[in-house]
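Below is one structure, written out as structure tokens, with a few remarks after it.
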Amino acid sequence: MLFKTGLNRGSVLLGGFFILALWQNLNGDDSAARSFLFYGVIAFFLGLTSVIYQIHDWRFSKQILAHYGAMHATVLPTVLLSGFYPLNSLQDLLHVYIQFSMTGLLLFTTTFSLSKFLRNRKPIKTD
Numbered sequence: 030m031l032f033k034t035g036l037n038r039g040s041v042l043l044g045g046f047f048i049l050a051l052w053q054n055l056n057g058d059d060s061a062a063r064s065f066l067f068y069g070v071i072a073f074f075l076g077l078t079s080v081i082y083q084i085h086d087w088r089f090s091k092q093i094l095a096h097y098g099a100m101h102a103t104v105l106p107t108v109l110l111s112g113f114y115p116l117n118s119l120q121d122l123l124h125v126y127i128q129f130s131m132t133g134l135l136l137f138t139t140t141f142s143l144s145k146f147l148r149n150r151k152p153i154k155t156d
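Read the sequence shown against our numbering and you will find it ends at 156, with the numbers running on by one and no gaps.
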């Protein structure tokens, strides 16, 4: 059930980026179309793996580690294959990895803080 939910989330995101890629391709911008396809694949993996946080039998730390591992197995290779970053040396690869990890940490912290804020927000009573 969770896999199907993740697959649906990812597919919707991929579909949106596919439409943008198609639009760019029809307008003659092949470079932008290619970028949108890679963004779509990344968004697909993010949507697919988002359900990890809905596995209530797992501790939160296990969910975080599973998601971080899934990002390494899916998003990181996609970023490396995309051509978004030069990869001419080990230093380039290390730079991309550090950016990948820092971006993941920033996004995790932001979404965690936002969800915690929304969860703890008390409804306003109107009389």
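Ideal Cβ placement from N, Cα and C applies to all residues, glycine included.
| Is there contact between the stretch 92 to 111 and the stretch 72 to 81, where contact requires at least three CB pairs shorter than 8 Å? | The stretch 92 to 111, when compared against the stretch 72 to 81, does touch it at the 8 Å Cβ threshold.
| query | DSSP three-state call for residue 52: helix, strand or coil? | reply | Under the three-state reduction of DSSP, residue 52 is assigned to helix.
| request: Enumerate in chain order the residues of its own chain whose CB-to-CB distance from residue 35 is below 7 Å, with the five nearest sequence positions on each side excluded. | output: Once the five neighbours on either side are set aside, the close Cβ partners of residue 35 are 76, 77, 78, 79 and 80.
| message | To the nearest angstrom, how far is the alpha carbon of residue 107 from that of residue 48? | response | Note on geometry: alpha-carbon atoms of residue 107 and residue 48 lie some 19 Å from one another.
| task | Return the CA-CA distance between residue 127 and residue 134, expressed in angstroms with no decimal places. | result | Rounded to the nearest whole angstrom, the CA to CA distance from residue 127 to residue 134 is 10 Å.
| field | CB of residue 84 within 9 Å of CB of residue 31, strictly | value | With respect to residue 31, residue 84 sits close: the two C-beta atoms are nearer than 9 Å.
| task | Please indicate yes or no: does the CB of residue 47 lie closer than 8 Å to some heavy atom of the ligand GDP? | result | Summarising the ligand content, the structure contains no ligands, and the ligand GDP is consequently not present.
| request: Using alpha carbons as the reference points, say which of 42, 120 and 62 lies closest to residue 111. | output: Answer by Cα proximity: 62.
| field | Backbone secondary structure at residue 90 - three-state DSSP | value | DSSP places residue 90 within a helical segment (H, G or I) once states are collapsed to three.
| query | In its own chain, which residues sit with a C-beta less than 7 Å from the C-beta of residue 109, not counting the 5 before and 5 after it? | reply | Around residue 109: 116 and 125.
| said: Excluding the 5 residues flanking residue 39 on each side, which residues of the same chain have their C-beta closer than 6 Å to its C-beta? | reply: Correct list, in chain order: 73, 76 and 77.
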